[in-house]
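Going by this note's numbering, the residue at position 22 of the sequence shown is 13; the numbering climbs one at a time, nothing skipped.
Below is one structure, written out as structure tokens; comments come after it.
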Amino acid sequence: MAAPASAHSSVPGAEGLFLALAHPLTEPLQGLVAGTAGLLAARLGQLPAVTGLKLLLASGLAGLVAAFTTGIRPGAGLDIVLLLAAMGAAGWIAAFRRPPVRPGLGLAAIAGLAAGMNTIPEPGEGFAATLIGSYAGFLLAIVYLSGAGVWLARHEARHDWLHLVPRVIGAWIVAITMLVLAFLVSAR
-8 MAAPASAHSS VPGAEGLFLA LAHPLTEPLQ GLVAGTAGLL AARLGQLPAV
42 TGLKLLLASG LAGLVAAFTT GIRPGAGLDI VLLLAAMGAA GWIAAFRRPP
92 VRPGLGLAAI AGLAAGMNTI PEPGEGFAAT LIGSYAGFLL AIVYLSGAGV
142 WLARHEARHD WLHLVPRVIG AWIVAITMLV LAFLVSAR
């Protein structure tokens, strides 16, 4: 007799909200966007970073609302948008020691919108907890990673070479996203 499939948890022992909080760290595309957005926020400076995080939150909530109203589900072309947002932000980090603010804020808005639209879980038991936890985990990852970027920025004055670290990371992220984009496009 056939029985429903049961997949194992990506984080053993975690359930509901706590599992959803860890989701952005176990989902490669969301983790990539969160990491890149956090690093970009740190490179923009303190005041623009706060503005960028608010913009990311607002556009992410707009993405959630858009996904609810249009019925868009994760994977419906959003993977490519997430990769392009990560590539744009990483390219901005790699190209400039101190990236220009307005285009960086635009990239934050695009990343938030796409991530919000890509956060909608499958309908079913625990939908609200999964939705809230997944989006909160995404935002927490950005905040923590931007904190690491701020730490790097504060220590750049002591070490001449330290400003290269985020730029090298940005270049690697661009290369990785180009490779993943090539795989996605060739598979279609």
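Virtual Cβ for every residue (Gly too), placed ideally from N, Cα, C.
State the Cα-Cα distance for the pair residue i and residue j, rounded to the nearest angstrom.
i, j, result
"E116", "Y126", "17 angstroms"
"H(-1)", "D151", "Confidence at H(-1) is low in this model, with a pLDDT of 49, below 50, so the placement of that residue should be treated as unreliable; the coordinate-derived value is given next. Their backbone Cα atoms lie some 47 angstroms apart in a straight line."
"P94", "G43", "11 angstroms"
"L155", "A28", "18 angstroms"
"N109", "E18", "11 angstroms"
"F9", "S137", "22 angstroms"
"A100", "A13", "23 angstroms"
"A53", "G107", "7 angstroms"
"A81", "I164", "6 angstroms"
"H146", "G128", "27 angstroms"
"A58", "A148", "44 angstroms"
"A32", "L75", "17 angstroms"
"S86", "G79", "At residue 86 the sequence reads Ala, which differs from the Ser that was named. Using only the alpha carbons, I get a separation of about 10 angstroms."
"V159", "A166", "11 angstroms"
"L47", "A178", "30 angstroms"
"S50", "G124", "17 angstroms"
"L96", "L55", "19 angstroms"
Please classify residue i: is it buried, with 16 or more other beta-carbons within 10 angstroms of its beta-carbon, or exposed?
i, result
"L170", "exposed"
"W83", "buried"
"P91", "exposed"
"L23", "buried"
"L130", "buried"
"A104", "A small correction: the amino acid at residue 104 is Leu; Ala does not occupy that position in the sequence shown. Buried is the call here."
"P39", "buried"
"G161", "buried"
"A102", "buried"
"G62", "exposed"
"G68", "exposed"
So residue i is in the alpha helix (DSSP H); what residue range does that whole segment cover?
i, result
"G103", "92 to 108"
"L155", "155 to 178"
"R145", "118 to 146"
Spatial neighbours of residue i within its chain, please: CB distance less than 7 angstroms, with the 5 preceding and 5 following residues excluded, ordered by chain position.
i, result
"F118", "P112"
"A157", "Looking at the sequence provided, one finds Pro at residue 157 rather than Ala. Excluding sequence neighbours, P157 sits near L30, R34, I84, G140, L143."
"T121", "A11, P112"
"R88", "H154"
Apart from the five residues on each side of it in sequence, which residues of its chain come closer than 8 angstroms, Cβ to Cβ, to residue i?
i, result
"I71", "L172, L175, V176"
Within its chain, find whatever has a CB closer than 6 angstroms to the CB of residue i; leave out the 5 residues flanking it on each side and keep chain order.
i, result
"A77", "L23, V24, T27, T168"
"I133", "A25, A28, G29"
"P15", "Q21, G22, A25, G128, F129, A132"
At what residue ranges does the segment 4 to 83 contain a whole run of the alpha helix (DSSP H), taking only runs of 4 or more?
7 to 17, 19 to 35, 37 to 61
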